[in-house]
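Chains as they are written, first to last, in the numbering used here: chain E, 1 to 311; chain V, 1 to 183.
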């Protein structure tokens with residue numbers, strides 16, 4: 001029986017708690033490699049990985065690229081702004097053409113929810129979801145969980161507030177799945193206009209950030225996703241900051257050993273104040289390092305062994 | 001091989017290490033996961049008894065350096081390497097339970113040199129069972145066993161298995177073929 005019997009990583013929702021723990025344990029073991037004088041292991045020699053990004057990304061893409069290099073996989077990155085996608089090629093045609101170059105894995109970020117699942121149905125290589133629309137961003141949730149576990153020594157039983165643009169956030173959805181599967185007491189907080197319908201079935205929702213922060217072990221801030229907003233969800237950035245921005249006064253409502261997470265990129269002065277972003281409880285840069293370790297673990301678990309398991 | 005023979009084998013290795021390395025504090029014992037790690041810790045304790053200074057102890061997980069990863073299903077668990085000191089210029093004694101094909105040691109050597117440039121690398125094994133596939137030999141051997149290639153040498157240690165014992169197992173027709181040689 002395999003520890004991780006999946007061919008793709010499309011989301012957190014289909015994973016069992018034990019499988020999530022396997023990824024976290026593997027990443028924790030991999031983390032040490034990044035501190036070595038020679039940051040390279042030969043594990044994935046001869047494997048080819050394509051990073052296919054239909055949306056801008058700094059952290060996620062460079063993090064996947066670093067992970068691929070540390071594990072000795074060959075990789076190439078395609079930013080669609082400079083590719084044939086801008087000439088009108090469909091996703092499926094692009095994927096089939098890339099597949100013809102015989103890669104072992106395609107890592108995809110796409111503005112449409114379900115794009116990675118679509119590729120997984122139509123292509124042979126292993127597919128990793130690096131963010132699909134407002135649906136899931138599994139490796140982000142995993143690196144958040146790894147950071148929480150390192151800082152708190154455990155995950156189950158923690159009280160975690162997820163604050164911000166819940167409506168457009170794939171990070172929130174993946175984290176909500178992951179944290180509830182691992183026994184975390186989650187509270188969600190957003191302006192009424194940015195709460196997706198039905199989400200209250202998964203965790204309690206409040207519209208008051210003070211209430212969300214009360215007694216929290218960790219606060220996960222979400223970016224205000226201006227590029228996805230088609231209407232007026234709130235009057236102004238200043239107004240948003242006054243009502244939903246994380247300030248030092250609000251951090252003081254949480255537990256004294258609270259940690260503050262943010263998936264980046266931050267809008268300083270909107271969802272998070274500069275003092276909090278750079279404060280002693282901020283673990284935002286630990287998240288970035290852990291991101292590389294998580295992506296190494298995912299690459300290893302999906303590509304490392306000779307897997308005969310179906311999708 | 002029972003507990004007392006196992007202890008005598010370890011004591012002999014420890015004695016030889018001390019003889020060859022009077023400056024034991026410049027020596028590091030690095031165990032290969034999984035059973036090399038408790039063996040390295042035990043050796044360090046025995047070595048320290050006669051000496052004022054203790055050798056440093058580390059652990060090496062060679063999973064990511066295996067040459068048979070693509071033929072194994074499922075993936076072996078990665079347990080992590082811990083070498084919390086610089087190995088530049090010091091003597092590293094690799095410690096493992098069984099020396100068989102030599103492929104584990106090859107992987108360990110590759111991994112070790114990614115951490116620095118030791119002055120010297122030596123190899124200590126509890127059991128040398130022969131059948132090498134690579135030009136590798138041990139510097140310290142607890143006991144040499146004559147084995148057939150199909151047999152399995154199983155080292156059981158108190159720390160992990162509740163008892164100290166070395167077993168020579170005959171091949172079980174189906175199971176033994178489908179499993180990896182080690183672990």
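Idealized CB from N, CA, C, for every residue including glycine.
- Report the neighbours of residue 115 of chain V on chain E: residues whose CB is nearer than 9 Å to its CB, in chain order. 36, 37 and 38
- For chain E, is any of its Cβ atoms less than 8 Å away from the one on residue 197 of chain V? One cannot answer for residue 197 of chain V here, as it falls past the ends of chain V, which runs 1 to 183.
- Task: Give a yes or no on whether 8 Å exceeds the smallest Cβ distance from residue 43 of chain E to chain V.
- Result: yes
- Task: Could you work out which residue in E:167, E:155, E:165 and E:170 is closest to residue 186 of chain E when comparing CA atoms only?
- Result: E:155
- Task: Using a Cβ-Cβ cut-off of less than 9 Å, list which residues of the stretch 224 to 242 of chain E approach chain V; keep chain order.
- Result: none
- Which residue spans inside the stretch 26 to 113 of chain E form an unbroken beta strand (DSSP E) run of at least 3? 48 to 53, 74 to 79 and 105 to 110
- Which first and last residues belong to the alpha helix (DSSP H) in which residue 72 of chain V is found? Per DSSP, residue 72 of chain V belongs to no alpha helix (DSSP H) and is neither H nor E.
- Item | As assigned by DSSP and simplified to three states, the class of residue 267 of chain E | coil
- Just curious, the alpha helix (DSSP H) that residue 154 of chain V is in, first and last residue? Taken as a continuous stretch (DSSP letters only), residue 154 of chain V belongs to no alpha helix (DSSP H), being part of the beta strand (DSSP E) at 152 to 156.
- Does residue 310 of chain E have its Cβ less than 8 Å from a Cβ in chain V? Note on residue 310 of chain E: pLDDT 35, under 50, position unreliable in the model; no value is reported.
- Along chain E, which residues have their Cβ under 9 Å away from the Cβ of residue 81 of chain V? 29, 32, 33 and 36
- Message: Using only the alpha-carbon positions, how far apart do residue 105 of chain V and residue 275 of chain E sit?
- Response: 51 Å
- Message: Distance check for residue 137 of chain V and residue 139 of chain E, CA to CA, integer angstroms please.
- Response: 43 Å
- Roughly how many whole angstroms lie between the Cα atoms of residue 314 of chain E and residue 167 of chain V? With chain E represented from 1 up to 311, any question about residue 314 of chain E goes unanswered, as that position is not in the structure.
- Message: Are the CB atoms of residue 134 of chain E and residue 170 of chain E within a distance shorter than 8 Å?
- Response: yes
- Task: Could you tell me if residue 38 of chain E is buried or exposed, where buried requires 16 or more neighbouring beta carbons within 10 angstroms of its beta carbon?
- Result: exposed
- Message: If you reduce the DSSP assignment to three classes, tell me which class residue 282 of chain E lands in.
- Response: strand
- Query: Which residues in the same chain have their Cβ closer than 7 Å to the Cβ of residue 44 of chain V, if we skip the five residues on either side of it in sequence?
  - Reply: 29, 54, 55 and 57
- Message: Residues of chain V with CB closer than 8 Å to the CB of residue 16 of chain E, please, in chain order.
- Response: What residue 16 of chain E touches in chain V: nothing, since even the nearest Cβ is about 15 Å away.
- Message: Do residue 151 of chain E and residue 292 of chain E count as a contact pair if the criterion is CB distance below 8 Å?
- Response: no
- Kindly indicate if chain V contains any beta-carbon less than 8 Å away from that of residue 3 of chain E. yes
- Message: Cutting at 6 Å between CB atoms, please list the residues of its own chain near residue 171 of chain V, excluding the five before and the five after it.
- Response: 150
- For residue 71 of chain E, I'd like the list of residues in its chain whose CB is within less than 7 Å of its CB, leaving aside the five on either flank, ordered along the chain. 41, 43, 44, 296, 299 and 300
- Message: Quick check: what's the CA-CA separation for residue 91 of chain V versus residue 24 of chain V?
- Response: 9 Å
- Message: Using the three-state DSSP reduction, which class does residue 238 of chain E fall into: helix, strand or coil?
- Response: helix
- List the residues of chain E that residue 65 of chain V touches, going by C-beta distances under 7 Å, in chain order. 41 and 42
- Query: Can you tell which of V:128, V:130, V:22 and V:87 has the C-alpha that lies nearest to the C-alpha of residue 109 of chain V?
  - Reply: V:87
- Query: What residues from chain V crowd round residue 301 of chain E, counting only those whose CB sits closer than 7 Å?
  - Reply: 75
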